[in-house]
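S.K.: Mind having a look at this structure? Questions to follow.
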Amino acid sequence: MLGFLNLDKPANYTSHDCIAQLRRQLHYKRIGHGGTLDPMATGVLPIAIGAATRLLPYLPQTKVYVGTIRFGLTTTTDDITGTVLTSTTAQQLTVAAIEAILPQFIGTIEQRPPAYSAIQVSGQRLYARARAGEVVNAPLRTVEINAIDLLMWQPGDQPEVTLRITCGSGTYIRALARDLGGALGVGGTLCALRRVESGGLPIEQSVALDQITVTDLPLLSPQRVLAHLPWVALEAGQVTDWYHGRGVLGDWHQPENTLMGVTCAATQACLGLGISIGDRLQPKVVLRD
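Numbered continuously in this note's numbering, the sequence shown closes out at residue 290.
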């Protein structure tokens with residue numbers, strides 16, 4: 002068994018909960034995920050089955066979220082599940098003010114992750130330290146936010162805005178909600194989040210957790226999920242060299258040090274990933290399932 006699932010993670014499940022349930026449903030242990038989602042959030046969670054777990058680091062890194070931010074409210078977790086820190090009116094806030102400030106959060110920016118996050122500092126998860134009552138200041142990290150589009154505005158005493166955010170790996174939408182509210186001087190917290198694309202997988206093609214069974218397993222091939230890479234098919238003699246970790250001679254028509262997907266010409270099975278070095282394709286990830 003080897004391939005990927007485009008899972009629509011349900012609310013109130015951790016990413017690990019999804020893996021545990023899939024292991025029970027499929028009676029198979031070698032399952033992993035690419036890109037953690039908070040329990041509150043729903044949406045695309047790329048799942049790898051079998052030897053495909055070794056390919057998870059090579060999925061496209063762009064992620065797309067649709068998130069709703071409530072202004073006038075701050076919490077310990079920077080989302081609606083946390084303990085309220087401040088609650089005030091933000092009725093004076095306008096959609097024009099939000100549109101004017103959004104460009105400050107687009108591009109390569111410095112972001113401080115939420116105190117309640119899985120980041121490790123000095124060997125401890127930040128959320129564990131925060132739950133123990135410690136005042137936590139997460140270290141700043143550089144993240145990439147490619148685009149923020151305003152989808153909906155709901156005025157009120159604590160108005161809400163719904164945004165579509167296209168970003169790179171490691172971006173915290175909870176932190177974006179907090180920082181937007183801070184920049185506007187009213188505070189903000191994330192009250193809904195759905196990931197609509199991750200690892201190149203769109204929400205429109207995702208499958209619900211309870212719909213996946215051994216007899217109805219909508220596996221996606223590595224060739225499809227890693228379609229952003231060039232692919233090459235090896236003949237029988239080349240496959241032998243590949244499995245022995247030897248560079249495979251050929252004309253790969255790729256620049257030096259290009260990462261390439263590798264299949265078997267006879268069976269179309271995915272054999273892994275290689276690096277083009279001159280006229281050789283050097284094995285980087287060799288798959289046997």
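Cβ coordinates follow ideal geometry from the N, Cα and C atoms, glycine included.
So what does Trp154 bridge to, in DSSP terms?
M.R.: Position 153 of the sequence shown, counted from the first residue, corresponds to residue 154. Note: Trp154 is bridge-paired with Val162 in the DSSP secondary-structure output.
S.K.: Compare the C-alpha of Val96 against each of Val67, Thr54 and Gly182 and name the closest.
M.R.: Walking along the sequence shown from the start, residue 96 turns up at place 95. Closest by alpha carbon: Gly182.
S.K.: May I ask you to list the residues that DSSP assigns as paired with His34?
M.R.: Your numbering for residue 34 matches position 33 in the sequence shown. Residue pairing by DSSP places His34 opposite Ile48 in a beta bridge.
S.K.: Locate the alpha helix (DSSP H) running through Gly189, then write down its first and last residues.
M.R.: Here residue 189 refers to the residue found at position 188 when the sequence shown is read from its first residue. Note, Gly189: premise wrong, no alpha helix (DSSP H); beta strand (DSSP E) at Gly189 to Ser199.
S.K.: Suppose the cutoff is 8 Å on Cβ atoms and the five residues either side in sequence are ignored; what does the same chain contact list for Pro61 look like?
M.R.: Against the sequence shown, residue 61 aligns to sequence position 60. Cβ within range, chain order: Gly200, Gly201 and His229.
S.K.: Would you report the Cα separation of Val45 and Glu161, rounded to the nearest angstrom?
M.R.: Numbered from 1 along the sequence shown, position 44 holds the residue referred to as residue 45. Numbered from 1 along the sequence shown, position 160 holds the residue referred to as residue 161. Straight-line Cα distance between these residues: approximately 24 Å.
S.K.: Straight-line CA distance for Arg179 to Thr69?
M.R.: In the sequence shown, residue 179 corresponds to position 178, counting from 1. In the sequence shown, residue 69 corresponds to position 68, counting from 1. For Arg179 and Thr69, the distance between alpha carbons rounds to 12 Å.
S.K.: Taking DSSP as the reference, what is the three-state secondary structure of Asp80?
M.R.: Here residue 80 corresponds to residue number 79 of the sequence shown, with the count starting at 1. Strand at Asp80.
S.K.: Three or more beta-carbon pairs under 8 Å between the segment 137-147 and the segment 201-216, yes or no?
M.R.: no
S.K.: Measure the Cβ-Cβ separation of Trp243 and Leu250 and say whether it is below 7 Å.
M.R.: By one-based count along the sequence shown, residue 243 stands at place 242. By one-based count along the sequence shown, residue 250 stands at place 249. Cβ atoms of Trp243 and Leu250: not closer than 7 Å.
S.K.: Exposed or buried, which one is Val215 when buried takes at least 16 other CB atoms within 10 Å?
M.R.: Here residue 215 refers to the residue found at position 214 when the sequence shown is read from its first residue. Exposed, by the Cβ-count rule.
S.K.: Determine, using beta carbons only, whether Gly238 and Gln283 come nearer to each other than 7 Å.
M.R.: Position 237 of the sequence shown holds residue 238. Position 282 of the sequence shown holds residue 283. Result no, Cβ atoms of Gly238 and Gln283 do not sit closer than 7 Å.
S.K.: Identify the residues that DSSP records as bridge partners of Gly262: which are they?
M.R.: Residue 262 sits at position 261 when you count from the first residue of the sequence shown. Looking at the DSSP assignment, Gly262 forms a beta bridge with Trp232 and Leu274.
S.K.: Taking the Cβ atom as the reference point for each residue, do Pro11 and Leu210 lie within a distance shorter than 7 Å?
M.R.: Residue mapping note: residue 11 aligns to position 10 of the sequence shown, counting from 1. Residue mapping note: residue 210 aligns to position 209 of the sequence shown, counting from 1. Going by C-beta atoms, Pro11 is nearer than 7 Å to Leu210.
S.K.: In terms of DSSP beta bridges, what is Ala98 paired with?
M.R.: Numbered from 1 along the sequence shown, position 97 holds the residue referred to as residue 98. Answer by DSSP bridge pairing: none, since Ala98 is not bridged.
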